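Those sequence lines, one after another, are chains A and B. For the first sequence, the positions run -7 to 482 when the working numbering is used. For the second sequence, the positions run 22 to 120 when the working numbering is used. Quick notes on the structure that follows.
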Amino acid sequence: MNYALLAPEILLTILALVVILLGLLVSDRSKNVLGYLSAAGLIASLVYIIGTKGEGSLFYNAIVVDPLSQIFKLIFIIVSLLAVIASISYFKDNRNQDEYYALLLLATVGMMVVASANDLIALFVGFELASMSTYVLAGFEKKNPASLEAGLKYFIIGSLSSALMLFGMSLVYGITGSTNIPAIVEYFRINPTAAITTLNVIALIFLVAGFAFKMALVPFHMWAPDTYEGSPTVVSALLAAGSKKMGFVAAFRVLVLALVAIRIDVQMAFAILAVITMTYGNIVAISQRSIKRMLAYSSIAQAGYISLAFVVTTQLSISGGILLALGHALMKGGAFIAVAVVGYMVLSDNKNARNTDDLENFAGLGKRAPITAFSLFIFFLALAGIPPSAGFIGKFVLFYSVTVEAVRQASTWLLLVVIIAILNSALSIYYYARVIRYMYVLPPTGEKIKEPAPYVIAIVLAVIGTIGIGLYPEPFIRWAMDAARVLGVS
Amino acid sequence: MSLYTYLLIAAIMFTVGAYGIITQRSGIKILMCIELMLNSANLNLVAFSSFNNNSTGQVFALFSIAIAAAEAAIGFAILVALFRVRDTINLDNINILRW
């Protein structure tokens, strides 16, 4: 077996254990170093994944390394790198930093295992590794009731979703007699009549529900706003930008393969789910005063756009979904980190401030923290889908692919879905523009602050990524197309 | 007993657990209901494995038992931390976050 394929996972696991061990040995004050160590490990993994285009399978075909797994690993590592860099400032001088970084690295490893999983057992174990680490991360500020509440809500809903998923997996195993995803697909290809039984439909519903909880699709979204609002802001960035994509890669691997194999007509069901999700997310986002909550609803809306990929399941639509997932990871991660800077700014004015992400605190941000304000401006435009940005490229490929399919099938309602999605994009500009108005038009409420260097580095990296993919999308589109080809869609 | 008896018991356990999560307000009871749901899936796996003469299901069940134990530990840890701050684990009182 070629363990070199799994070098990033192995490196990050060892690093997580080393970080915990060092946390026991060094003094509380020198724990700040652990953040730099974690960042270095993540950068090494990132370079390895971009540099080597390895392919292969390990552990009796339970883990595969292919373009699909690699592009999602890229997303997870980028998000976790941004979160770690920002945490160097956010958790500065916190005496539990060692546990924080170790959990963050383990969460990343869990997400990477899900990206590579080719077997339901590996998928479940990876899911749980990532989920359990993030339950603790969400409740990490253990003196802060809001953070603990966020952790508890996330834990209850998260374990409910894993129970649903496990139950669905047990039924799939019962029907097909295997947990290996290609073997399951093969079984349905050989026995097409076995595909459309009641038990099968129940299994499919359980699996979709389990994944949809992680993707935060309506009606499985109710945990997301609470959790993103209450968690430490850098953890919200990890959850919204990383953990959510884990649901998508699992859904791509299991659902798309299964749907292509069993040919059940669920196009309509996914279209309804996607349209409700994007509309609900955008409409509720308008009325939010808390920016973290607004970003949470906007990421529900983005999940709605990405799930358009399941509606048509063509190569183009799936690569559009992957591109939007990549873009969303950068934009949303960057936006949450920018909100963390505002929190830092408000707390340095007044140590006991509450609701640091309130809209009022963004007044005059353009004068008080110019780099943060300008980056947030770019992230918002990118989230709304304005070129040249990663958000535009993703949305363009996705909407274009659905239009192509609508024309091919001569189907009016598919065209209607695209129109609703575009109108939704326009609607989202309204609530982003409101924050931009607060930042640049209203007068500042305090002095200009010095933005801490780690935050600035994280935000600037996210801006470079967002604009870079927008200006030079070709290699990413090609990578995403390769990734979609793995799923055997045409 | 036939396979369907086991599947029926598992389905009943699953429903009881889901019902409990929706109706119960105590954090501990909710954790118990989550365990019930996970174990119903384990029962399914073991039953299928035994009736299909295929050991993969039992391996899966072992993995999921270990994961359920870790999950319970994390749940209790969060509840203890919450109890220290708020002096309650009744979910009706845990409502700072809402729109």
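A virtual CB, placed ideally from N, CA and C, is assigned to each residue, including glycine. This one's a predicted model, so the numbers in the text were calculated from it and none came from an experiment.
9 Å Cβ cutoff, residue i in contact with chain B
i: I113 of chain A; result: yes
i: K145 of chain A; result: yes
i: M260 of chain A; result: no
i: A232 of chain A; result: no
i: S228 of chain A; result: no
i: A94 of chain A; result: no
i: R99 of chain A; result: Strictly speaking, residue 99 of chain A in this sequence is Ala, with Arg absent from that position. Answer no: the Cβ-Cβ gap between A99 of chain A and chain B never drops below 9 Å.
i: A402 of chain A; result: no
i: L152 of chain A; result: yes
i: E120 of chain A; result: yes
i: A155 of chain A; result: yes
One or two residues paired with residue i in a DSSP bridge
i: N111 of chain B; result: B:S47
i: V227 of chain A; result: According to DSSP, V227 of chain A bridges with nothing at all.
i: G48 of chain A; result: A:V57
i: S170 of chain A; result: Partner(s): none; S170 of chain A has no beta bridge.
i: A(-1) of chain A; result: Bridge partners of A(-1) of chain A: none, in fact.
i: S282 of chain A; result: A:D350
i: D111 of chain A; result: A:N172
Nearest-angstrom Cα separation, counted from residue j out to residue i
i: N192 of chain A; j: T168 of chain A; result: 10 Å
i: E221 of chain A; j: S417 of chain A; result: 23 Å
i: A90 of chain B; j: T36 of chain B; result: 21 Å
i: S235 of chain A; j: Y430 of chain A; result: 30 Å
i: Y289 of chain A; j: P217 of chain A; result: 7 Å
i: A498 of chain A; j: L50 of chain A; result: Nothing can be reported for residue 498 of chain A: it is not among the residues displayed for chain A, which extend from -7 to 482.
i: S291 of chain A; j: Y25 of chain B; result: 42 Å
i: L351 of chain A; j: G438 of chain A; result: 15 Å
i: F198 of chain A; j: F159 of chain A; result: 7 Å
i: V227 of chain A; j: I12 of chain A; result: 19 Å
i: M323 of chain A; j: L59 of chain B; result: 36 Å
i: A204 of chain A; j: A266 of chain A; result: 11 Å
i: A301 of chain A; j: V18 of chain A; result: 48 Å
i: G78 of chain B; j: A175 of chain A; result: 15 Å
i: P435 of chain A; j: K442 of chain A; result: 18 Å
i: A37 of chain A; j: D113 of chain B; result: Note on identity: in this sequence residue 37 of chain A is Ser, with Ala being the wrong assignment. Using only the alpha carbons, I get a separation of about 44 Å.
i: S70 of chain B; j: A54 of chain A; result: 19 Å
i: G312 of chain A; j: T305 of chain A; result: 10 Å
i: K206 of chain A; j: G239 of chain A; result: 5 Å
Test item: CB-CB of residue i and residue j under 9 Å
i: A329 of chain A; j: L74 of chain A; result: The question names Ala, but residue 329 of chain A is Ile in the sequence shown. Yes; because the gap between Cβ atoms is below 9 Å, this pair is in contact.
i: L100 of chain B; j: I49 of chain B; result: yes
i: R107 of chain B; j: P137 of chain A; result: yes
i: L357 of chain A; j: A365 of chain A; result: yes
i: I278 of chain A; j: Y423 of chain A; result: yes
i: L14 of chain A; j: L97 of chain A; result: no
i: L415 of chain A; j: A295 of chain A; result: no
i: L112 of chain A; j: F81 of chain B; result: yes
i: T432 of chain A; j: F369 of chain A; result: According to the sequence provided, residue 432 of chain A is Tyr. The question's Thr does not apply to it. Cβ distance < 9 Å, so Y432 of chain A and F369 of chain A count as in contact.
i: L95 of chain A; j: A32 of chain A; result: no
i: I33 of chain B; j: G41 of chain B; result: no
i: S223 of chain A; j: S139 of chain A; result: yes
i: N342 of chain A; j: S282 of chain A; result: no
Closer than 9 Å at the beta carbon, the chain B residues around residue i
i: V128 of chain A; result: I95, A98, I99
i: I148 of chain A; result: I42, G48, I51, L52, I55, G96, L112
Min CB distance residue i to chain A below 9 Å
i: A46 of chain B; result: It is Arg, not Ala, that sits at residue 46 of chain B in the sequence shown. Closer than 9 Å: no.
i: I86 of chain B; result: no
i: V162 of chain B; result: For residue 162 of chain B there is no data in the structure shown, the boundaries of chain B being 22 and 120.
i: F28 of chain B; result: Per the sequence presented here, residue 28 of chain B reads as Leu, with Phe not at that position. By this cut-off, L28 of chain B is an interface position.
i: S23 of chain B; result: no
i: S61 of chain B; result: yes
Beta-carbon neighbours of residue i, restricted to chain A and to distances below 7 Å
i: N75 of chain B; result: G169
i: V13 of chain B; result: Coverage of chain B is limited to positions 22 through 120, which leaves residue 13 of chain B absent and any answer about it impossible.
i: I49 of chain B; result: Going along chain A, no residue has its Cβ under 7 Å from I49 of chain B, so there is no contact; the nearest lies around 12 Å.
Neighbouring residues, chain B, relative to residue i (Cβ below 7 Å)
i: M124 of chain A; result: A91, E92, I95
i: G131 of chain A; result: I99, A102
i: L9 of chain A; result: Going along chain B, no residue has its Cβ under 7 Å from L9 of chain A, so there is no contact; the nearest lies around 16 Å.
i: D218 of chain A; result: L118
Per-residue contacts from residue i into chain A (C-beta, under 9 Å)
i: L66 of chain B; result: L158, M161, S162, Y165, G166
i: M34 of chain B; result: The contacting residues do not exist; M34 of chain B stays about 10 Å from chain A at best.
Contacts of residue i in chain B (Cβ-Cβ under 8 Å)
i: V117 of chain A; result: F84, I88
i: G222 of chain A; result: I117, L118
Where residue i meets chain D, residues with beta-carbon distance less than 8 Å
i: A242 of chain A; result: Absent from the structure: chain D. Protein chains present are A and B.
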